[in-house]
Amino acid sequence: MDKEATAMAEPEETLDDPTVADVFALGTLRLEAETFTSLGGFKAESLGGIASNGAGIRLPFGAEGAAPDASATASTAFAGASGTYAISVRYFDEGDGQAGLSLAVNGAAQASWTLDAVGMGWTPDSGNGRTYALSGVSLNTGDTITLTGTRDGEEYARVDYVEFIPESAALPEDPPPEDLPPVDPPPIDPPPVDPPPVDLPPADVQTLRLEAETFTSLGGFRAESLGGIASNGAGIRLPFGAEGAAPNASATASTAFTGASGTYAISVRYFDEGDGQAGLSLAVNGAAQASWTLDAVGMGWTPDSGNGRTYALSGVSLNTGDTITLTGTRDGEEYARVDYVEFIPESAALPEDPPPEDLPPVDPPPIDPPPVDPPPVDLPPADVQTLRLEAETFTSLGGFRAESLGGIASNGAGIRLPFGAEGAAPNASATASTAFTGASGTYAISVRYFDEGDGQAGLSLAVNGAAQASWTLDAVGMGWT
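Using our numbering, count along the sequence shown one by one with no gaps and you end on 516.
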């Protein structure tokens, strides 16, 4: 079975029925591999920040007495509620062997796959973390979950965790109806009155994802299999030179927008390798919306989960049936690979209200009661929205410098401390500041930053001078850009 890297969110509660709510309240269950009841030949190892609990399991090294094709089976009991689950296994797929993993429930095989990535280094890191997913697995509380790994070459079948996402669960039977005492006198049902027909409001506009390989016309692009690193297992690219394409060949794929008319944010998921500077652009009905260069460095020469990127733009007005075009230009050995284009509704055009109908008068006419001044009512606060403040737009950069970051940053830019060549000391510091423009309230705050491997810089956050958090950028083996 091919491995997948499908991100799966926890199910959302959609009904008021408490039994259904109880199902979804179960939530996702994560079993850390290093906490399995029996490791059965696996060894626990520290993995730091690249693993969910800072640790995982692996097959023994040769120096620890293991054969080159050694295998091990870890097992534990399923502690969740009985039901049907999707299961995801988080593991590391290095490039120095083709180890194997398999999953079983009560001894019955559920899935097996090969860790066959190439060019992914010989140690576990954030770039070669993978997720294998399967669905529709029936589980009962107490079932035995077993995970078997087989070493190959210098790859040791490293596993971080196994996660169980409920798809359904056994619901308790409804209790028998209670015998209620009779009501005296019994209520009298009024004669039925046919209500006038009501037009239902339009359905909510949904996020729409158009997979690049399903565009109506690929116009010179080629579809290719991308396995677990792409949302549908595939994407598109410019042709290789061996397929007859020129080094600067271009192609334009197009399709019709099938969503509801409205204003959308658009995100394009693509791969930015390090062996060229290909170009991509997006247009609606021939009108250019955005263009950008795939200019990452040190990101390898093949598409992988480490060089996947998203280019985002907002405020694009779209009508059902509009033509979406995506143009790519090859550069060097970079082939403008694209996974999908996603449309996130910001607003939607709603139909106008119909004119009021002339209804026949009611006999006798209703009598309006005398007005009564209502007590003053405190209006609810306005809806609080997510607010993103781009660092390069802060009112004062206070020693930081703005720099272009292309498709790896949300607005194509960010800020940094000055380089030594710009006159900065090795331990220089800077403080950027701006005003919070959102509504008053309680917020979660997230800071998006880059943690390279060539130093241990520091960041801190304060509100009105009061420290909120500080942290060290201490990643290792993450490059120098």
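We treat Cβ as the ideally placed atom computed from N, Cα and C, and that holds for glycine. For clarity, every value in this text was computed on a predicted model and none was experimentally measured.
Integer Cβ distance of residue i from residue j, believed to fall under 8 angstroms
i      : j      : result
Ser302 : Ala347 : 4 angstroms
Arg125 : Tyr191 : Arg125 to Tyr191, Cβ: 15 angstroms. No contact.
Ile92  : Ala79  : 6 angstroms
Thr355 : Gly294 : 7 angstroms
Gln444 : Pro453 : Reading off the sequence shown, one finds Ala at residue 444, where the question assumed Gln. With a Cβ gap of about 18 angstroms, Ala444 and Pro453 do not count as contacting.
Phe292 : Ile271 : Actually they do not touch by this definition, with Cβ atoms about 18 angstroms apart.
Tyr370 : Leu496 : At roughly 40 angstroms, the Cβ-Cβ gap does not stay under 8 angstroms, so Tyr370 and Leu496 are not in contact.
Gly350 : Leu422 : Not really, about 16 angstroms apart at Cβ, beyond 8 angstroms.
Thr469 : Leu424 : 6 angstroms
Glu198 : Arg65  : 5 angstroms
Gly156 : Glu202 : Not a contact, Cβ separation roughly 35 angstroms.
Thr242 : Ile379 : 5 angstroms
Proximity of residue i and residue j at Cβ, strictly below 8 angstroms
i      : j      : result
Glu246 : Ser266 : yes
Arg372 : Tyr299 : no
Pro282 : Glu308 : no
Tyr478 : Leu494 : no
Ser137 : Ala143 : no
Asp366 : Ala280 : no
Tyr120 : Arg244 : no
Ala116 : Thr176 : yes
Ala437 : Ile450 : yes
Leu94  : Phe71  : no
Ser108 : Gly75  : The residue you asked about is not Ser; residue 108 is Thr in the sequence shown. Yes.
Gly447 : Glu368 : no
Gly297 : Leu253 : no
Given residue i as reference, the closest of the options once Cα atoms are compared
i      : options                        : result
Thr63  : Ser289, Gly276, Thr179, Ile200 : Ile200
Ala331 : Gln324, Thr345, Glu69, Ala465  : Thr345
Ala104 : Phe113, Gly135, Trp336         : Checking the sequence shown, residue 104 turns out to be Asp, not Ala. Minimum Cα distance to Asp104 is reached at Gly135.
Ala90  : Gly171, Val194, Val376, Ser123 : Val194
Ala139 : Arg65, Leu174, Val351          : Leu174
Asn141 : Asp151, Gly97, Ile180, Ser352  : Ile180
Gly154 : Gly490, Gly341, Gly473, Asn499 : Gly341
Ser505 : Ala492, Thr516, Leu253         : Ala492
Ser110 : Glu99, Ala86, Glu67            : Glu67
Asp489 : Asp151, Asp509, Val482, Phe471 : Asp509
Ser147 : Thr185, Gly162, Ala114         : Thr185
Ala168 : Thr242, Ile122, Phe429, Gly118 : Ile122
Phe471 : Thr507, Gln420, Gly171         : Gln420
Thr149 : Thr166, Ala456, Thr430         : Thr166
Alpha-carbon to alpha-carbon, residue j and residue i
i      : j      : result
Gly132 : Ser106 : 14 angstroms
Met287 : Thr360 : A small correction: the amino acid at residue 287 is Thr; Met does not occupy that position in the sequence shown. Straight-line Cα distance between these residues: approximately 6 angstroms.
Phe275 : Glu129 : 26 angstroms
Phe435 : Ile480 : 21 angstroms
Ser326 : Gly363 : 10 angstroms
Ser73  : Leu432 : 54 angstroms
Gly188 : Leu329 : 35 angstroms
Ala112 : Asp178 : 6 angstroms
Trp336 : Ile264 : 15 angstroms
Thr290 : Ala322 : 14 angstroms
Ala501 : Asp160 : 35 angstroms
Thr516 : Met334 : 10 angstroms
Val319 : Ser475 : 38 angstroms
Ser81  : Gly164 : 15 angstroms
Thr466 : Ile85  : 29 angstroms
Gly268 : Gly343 : 13 angstroms
Asp357 : Thr158 : 47 angstroms
Glu69  : Gly442 : 37 angstroms
Asn88  : Asn499 : 34 angstroms
Ala258 : Glu377 : 18 angstroms
Thr430 : Thr251 : 45 angstroms
Ala98  : Gln503 : 47 angstroms
Three-state secondary structure assigned by DSSP to residue i
i      : result
Glu487 : coil
Glu438 : strand
Val233 : The pLDDT assigned to Val233 is 44, lower than 50, so where the model puts this residue is not dependable; a value taken from the coordinates is nonetheless given after this. Coil at Val233, not helix or strand.
Ile92  : strand
Thr358 : strand
Ala21  : Residue 21 lies beyond the residue range present for the chain, which begins at 36 and ends at 516; the question has no answer from this structure.
Gly142 : coil
Gly433 : coil
Thr183 : strand
Ala313 : coil
Ile480 : coil
Ala130 : Reading off the sequence, residue 130 comes out as Gly, not Ala. Note: Gly130 maps to coil in three-state DSSP.
Gly335 : coil
Ala68  : helix
Glu80  : strand
Thr364 : strand
Glu259 : strand
Proximity test, Cβ basis, 8 angstroms: residue i and chain B
i      : result
Asp374 : Of the chains in the structure shown, none is chain B; there is only one protein chain.
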